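Enquirer: Protein chains in written order, with the working numbering: chain H, 37 to 400; chain F, 121 to 375; chain S, 571 to 1010.
Every residue, glycine too, gets a C-beta built ideally from N, C-alpha and C.
Given the structure is predicted, the values throughout are model-derived calculations rather than measurements.
If you scroll down you'll find the structure; I have some questions about it.
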Amino acid sequence: MLHVKIPTRKEVIEEEKSKGKRIAAVYPIHYPRELFRVFNIQPVEVWGPPKTDTKKANAHLQSYICSVVQSGLSFYLEGYLDIVDLIVVPHSCDSLQGLGSIFKDFIKPKQELVTIYLPREKNKENVEFLANELKRIYKQLSQLCGFEPDDEKLMEEIKTEEKIDKLVFKFYKSRENLPLSSREFYTILRSREYLPPDKFKSILEYALLHASKGKLKKTGIVLSGLLPEPMDILDVIDDMDAFVAIDDMACCMRRVYGEGHSSDPFERIAERIVNGPPDPTKGNSFDERFEFIKSLADLTSAKGVIFYNVKFCEPEYFYHPILKEKLSKAQIRSLIIENDINEPLPQQTITRIKAFIEMIRESS
Amino acid sequence: METVKSIGIDAGSTTLKIVGVNEEGKILFSIVEDADPKVEEQTEHILNKLKENYDMESSKIVATGYGSNLIKADKKVTEITCHAKGIYEYFKTGGTAVDIGGQDNKVILISKNGKVIDFIMNDKCASGTGRFLENTAWRLKIPMEKMAELALNSDGEVKISSTCAVFAESEVISHLSRGQKLEHVIKGLHRAMVKRITSMIYTVGFNPPLMLSGGVAKNKAVVKMLEEELGEKPRIPENPQIMGAFGAALIGLSQ
Amino acid sequence: MGVKDKIKYIFSYKIAGKLLIEYNTKKTFKNFKPPKNWRTDILAPSLRTGVYTKEIIAKHYLEGRYVSGVKPVAWVTSGAPIEILKALGFYILYPENHGALCGARKVALEISEEAEKKGYSIDICSYARTDIGATLSKKTPVGKLPKPDLLLCCTNICQTVLYWYRVLAEYYKVPLIVIDTPFVYDEAKEHDIEYVKKQLEASIEVSEKVAGKSLSFSKLKEVVRLSKMAAELWLEIMNANKNKPAPISVFDQFIHMAPIVEKRGDPETVDFYSKMLDEINERIKNGIGAIKNERKRVLWDNLPIWYKIRFLSEFLAENGVSVIASTYTNAWGELAPMMDIERPIESMAKTYVYPILNRGTGHKLKTMETMVKEFDLDGAILHSDRSCKPYSVGQMDQRLKLLNELGVAALLLEADHNDPRAFADEQIKSRLKAFMEMMD
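This is the structure:
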C-alpha cells in the first residue's frame, strides 16, 4: 500500500480556477490536451461518471445509448458542470456524435462548445486533416481566450505531454514491482484525466520510488474496454489472487501516445493521435489491435484477456469475435463481459470473472 | 457409519443442493431443497441432521453458487468449474456441458482431460433461462410439469419472436387472444428458449457429446428440441440438479 | 476472366434469365392486376410501374449470381460514392439493400442468428448482423451473392459501417476503401471537403487496380449525369405528394426506392423513374390517393421496419392515415442538385459529406419542419430504431419540438429496422392508436 494523496476533480477545478485558468469538461476519448493547455485551459474529463442517476438524460437519449453517454449528459443536466467554461465533445462514435449535436442544437449550453472530428484509418491524409481540424480549434480557442499563443509555446506543451506519456509507460512496465492493488494503480493512473501535468508527474514519480525488485506472484490479466468502472471489477480480480497486469482501455493505455516527428506543432499532435495505440474509435484493423493486445500480454506475462465492454458500445462489439479467435490461436484465453457503469457489478459478472481466472490458472 | 470425505454445497438462486462423497468420490447422499433466504442457517440445519447418520468429522466443505459467500466452507469455487467437474466425472468424457438454471444458463466446453476450455453465460437478462418459461406458466396458471407436456404433445407451433422474458409473456397473451391454440403457443415458447440456448452453444463452438445439467434438464420438451436443433441426443444424468454440488464435493477430495 | 464464367454469364443472365424476366414483366404489365391479398378496400391499386421495380431487382440479383469472374464486384455502403466504380464497370452490391430484402422476406432473423452464433452481439446493427450472417452461412433468399473483389465503405451514414466492412475485409481478404466523411455539425468546413476529395482521388487508383483498367473521365461524367437525373426524378415523385390526396405512400416508396439506391447511374433507372412519374401524374390527374380515405397526412422518420411494412401500411390506412413524406426516402433525392457533371470529383466530395445522416440533429428537425409545412402534415412518426444510433439520437428532442412548436402530433415508435424481436404487434398498435387519437 502506498500513501499517495490524490486531489479530487472538484479540488482541482477549484484550485485551477482560483489561479485564473479556464476549465474544459471533456467527453471521451481522444483529444489534444496540449492544445487546451497552451490556452491556459485545464481539461477535466467526464467518463460518466459511474453511478450517476441517468433520469435526466433519458429525456434526450433512448435506452439503447450506452451508460457512458447517458451519464455524461445527466451529469451536465444535473448542474455538475456549471462551473466549467468549455464543453468538449470529440467525435468518438455515433452516440458521442449525437451528444455533441444535441448539445449544439437543443440543449445549447452557456459554455463554449468544441467538437473534434477524429479521422478514421491511419495514413497521411488523416494526419493532414486532423492538423487542419486542430488549427480550426486553435482559432476557436483564441477567439474565446483573446490571445494567440505561438508555435513555440505549443511545442513546449507537446513535449511535456510526450514526456508524461513516456513516464506512464514506465509506470506500466513497473506494474509487477509495485505494491499496489489494481484499484490503487488505476486510481493513480486515471488522475491524469484531470490533474495538471506537473502534479500528475510528481505522483507517478513518487509511486515509482516504491518499485521493488520482487515481482507480484499473481495471475496477470489484460483488461480491455473503455474504462474499469464500476471499479469493483478490479477488486473482484484482485480477490482471486490475480491482478490487472496491463490494459487496453480507452481511458488509459489507448491514449499513451508515442512521440511525434513533425516540427509543425499541429501536425505533431495529429501524428501522435493518429499513430497512437490502436483503438476501435479510430477504426484500426483487427491485426493492429490483435498485435497490440498480444504485445501487452507478452510484455507482462499476463495469462488472459478480459474484454470488459460497456453495453451498447458498438465499436467495441464488432472486434470481439475475430479478436477472440486470433487470441485463441495465439494461446491467449479471453473472456467477454458486458457492463453498465451505473449498476453495481451483477453476481453473474463476478462469477464469470472468477471462473475465467480459475480456468486460465488451471490450464497454465 | 460411513465416512464423508467431502461435501459440496451449491447454493443457487432458487434451490440449495448438497452432496456428500466418500473417498472414491461415490455419492453418499444428495439433498435438493428450495433455497431459503437465510441459506447459511438452512445449510447448517441440514448438515447437523446428516451428522446423525454420517461421520462428517473430517469432511472438507466446498461451496459454490450465488449464496456461497454466506456459507462456511474450506473453499469457494465458481459454478462453472464445479459443473464442469461434476459432469466430467459423471460421464467420464469431455464435450459440451449445458446447465440451464433458474436465472442463468451456462455452456461449458470441457477438454478430454476434464479442463474447462471455454464457457459462456447469459447476460443479465433472463432470455432463454428457466425464468422465461416460469413467467408464462405463472401468468397462465399452468404448472411447470404441464408446460412441457403440452409442448411435447402439440401438433403445431406458433413462432414467438421476442427473446425478452417480459415481452415474450405479452406476446404469448396476444397470440392466445387471437385464438391460437394454447399448446401451439407453449411449444413456440419452448422453441424460442431452446433457440437461445442453441445459439449460446454455437457461440462457444459445439463439441459433442452434449451433456445437460440443471433443473430444466428435466423438461422433456426442452431436451427433445435441443436434440432437434443440434442433431445430437443430449445425455442427462440421473439427477441433473446436483451436478454442481457433486463437482464441488469432488473438488474437496483433492484438497 | 474465365471463358467458362463468361459463357455461363452470357447464357444464364444475358440471354435466358434476362429475357425471361423481361417477358414476364411485359406480360404482367399488360394484364396488370394488384398482387393477391392487396387491400383494395383501403389502398389504391398498387402502382403498375411497380412491376419494373421487381424486374430491375430480379435482374440485378440474377446478374449477381453469374457475375463472378466476368465483372469486378464491389460491395458498398448505401451512401457510398459509387460513380467511380460504376464508370469502371463494377457490378455493385449493396449489403444494406440485401439486408432489407431479407427483412422484407422475413428471413433476416434466421440469417442474423448465424452471426450471433459466432459471437456478434445482438446489440450490433441488424443490417450488419444480417450481412455478416449471410457471409458466414451463405444463406440468402436470392440464391447466391457474388463475392466481393473490393469493398467500399463511406462513413457518411454511420460509423457502424467502418467496423462492419472491416469484418467483411477480414473474411473475404480483399481491399477495403474507406471514405471517411467528417460529421457536419452545422456547415462543412473547407478542410472537410478537401479531405474527402483527396480520399476519393486516392480511391481511384485502388479501384482501377482491381478493375484492371483505367478510369475514363467522360464515362464518369456520364454516370454522374445519369445518377443526377434519376435522383431528380425520384425527388419529383416524392414531391408529388404535396397534392391532396397524396398519390404514393411512403411504404410504397420504401419498395420502389431500391433502384435509386442500387442502380443509380444506369440509364434504365432514369427510364424507370420517368415511367413511374408518369403514372404518379396520372393518379394526380384522376384524384387517386395512395389510400382510399385520406383523413390524416403523416411523416415517417428513420429507416423502414422492413418486416412490418405491410402490417403498418394497412393498419394506418384502415384508420385513414396516409404516410406521405419521409426523411429516409428523401435522402436519395435531396442531394441531386449538388452534383455537378462538369466537376465530378469536387462535387462528389461535397455531395457525399452532406447526407442527412451526416448532419446535425437540428438539420433533421428543420427538414421535418419543412416537410410538415410543404406537405401539409398532421403528424409525424419517428421510428426510434435501436439498430441505427446516428438516425435515432436526437429524435426525442425533435419530437418535442414538432409537438410544441409546430403543434403536430408526434410519436416515438420503438422498434428495429431488421430485427423482429424488437417489435411487438400489440404494443405497436396501441401506441399508434393513441397517436391517431392525438391527431383527431
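1. Distance check for H/N159 and S/A887, CA to CA, integer angstroms please.
2. Let me know the secondary structure DSSP gives H/R69 once reduced to three states.
3. Buried or exposed: where does H/V62 fall if 16 or more other Cβ atoms within 10 Å of its Cβ makes it buried?
4. List, from N- to C-terminal side, the alpha helix (DSSP H) runs of 4 residues or more that fit wholly inside the segment 211-277 of chain H.
5. Mind pulling the chain H residues with CB within less than 7 angstroms of F/D224?
6. Does the beta carbon of H/D130 sit closer than 8 angstroms to a beta carbon anywhere in chain B?
7. Enumerated in chain order, which unbroken segments of the beta strand (DSSP E) with a length of 3 residues or greater are wholly contained in the segment 98-135 of chain H?
8. Is it buried or exposed for F/S126, if we count other Cβ within 10 angstroms and need 16 for buried?
9. Output yes if chain S places a C-beta closer than 8 angstroms to the C-beta of H/R172; else output no.
10. What are the residues that DSSP puts in a beta bridge with F/G128?
11. Can you tell me where the beta strand (DSSP E) with F/T249 in it begins and where it stops?
12. Which residues in chain S sit within 8 angstroms of F/E177, going by Cβ to Cβ distance?
13. So, does the CB of S/T700 fall closer than 8 angstroms to a CB anywhere in chain H?
14. Give a yes or no on whether 8 angstroms exceeds the smallest Cβ distance from S/R991 to chain H.
15. Taking Cβ positions only, does F/T438 come closer than 8 angstroms to chain S?
16. Is the CB of H/K330 under 8 angstroms away from at least one CB in chain S?
17. Are the beta-carbon atoms of S/L746 and S/A739 separated by less than 8 angstroms?
18. In whole angstroms, what is the alpha-carbon distance linking S/I763 and S/M799?
19. I'd like to check one pair, S/L981 with S/Q965: are the Cβ atoms closer than 8 angstroms?
20. Pull out every residue of the segment 246-267 of chain F whose Cβ sits closer than 8 angstroms to any Cβ of chain S, in chain order.
21. Please report the distance separating the alpha-carbon of S/A992 from that of F/N255.
22. Can you find a C-beta in chain H that's less than 8 angstroms from the C-beta of S/G964?
23. Quick one: is S/V737 near chain H, going by C-beta distance under 8 angstroms?
24. If we require 4 or more residues per run, which alpha helix (DSSP H) segments fall completely within the segment 627-657 of chain S?
25. By alpha-carbon positions, which one of H/Y153, H/I372, H/V120 and H/L203 ends up nearest to H/A411?
26. Of the residues H/P266, H/E70 and H/N168, which one's Cα is nearest the Cα of H/E192?
27. At a CB distance below 8 angstroms, what residues from the segment 704-735 of chain S approach chain H? Give them in sequence order.
28. Bridge partners for S/W870 per DSSP, in chain order?
29. Could you give the DSSP three-state label for S/M1009: helix, strand or coil?
30. Could you check whether the Cβ of F/M363 sits closer than 8 angstroms to any Cβ belonging to chain H?
31. For F/E291, go through chain S and note every residue whose CB falls closer than 7 angstroms to its CB, in chain order.
32. Whose Cβ in chain F lies nearer than 7 angstroms to the Cβ of H/A391?
33. Give me, in chain order, the residues of the same chain whose beta-carbon lies closer than 7 angstroms to that of S/N813; leave out the 5 immediate sequence neighbours on both sides.
34. H/Y208 and H/I282: beta carbons closer than 8 angstroms?
35. Going by C-alpha distance, which of F/N142, F/D175, F/K137 and F/G145 is nearest F/E160?
Expert: Checking against the coordinates, here is how it stands:
1. 52 angstroms
2. helix
3. buried
4. 218-225, 233-245 and 268-275
5. Q384
6. The structure shown contains no chain B; its protein chains are H, F and S.
7. 122-127
8. buried
9. yes
10. F/V139 and F/V182
11. Note, F/T249: premise wrong, no beta strand (DSSP E); not H, not E.
12. None at all; the shortest Cβ gap to chain S is about 49 angstroms.
13. no
14. no
15. Residue 438 of chain F falls outside the range modelled here, since chain F spans only 121 to 375, and no answer is possible.
16. no
17. yes
18. Cα to Cα, the separation comes out at about 23 angstroms.
19. no
20. Result list empty, no residue passes.
21. 19 angstroms
22. The beta carbon of S/G964 falls within 8 angstroms of a beta carbon belonging to chain H, placing the residue at that interface.
23. yes
24. 653-657
25. As shown, chain H starts at 37 and ends at 400. That puts residue 411 of chain H outside it, with no answer to give.
26. H/E70
27. T725, C728, Q729, T730, L732, Y733 and W734
28. DSSP, once it has assigned bridges, lists S/S896 and S/I951 as partnering S/W870.
29. If DSSP states are grouped into helix, strand and coil, S/M1009 belongs with the helices.
30. no
31. A994
32. T198, I200, T201 and F239
33. I854
34. yes
35. F/K137
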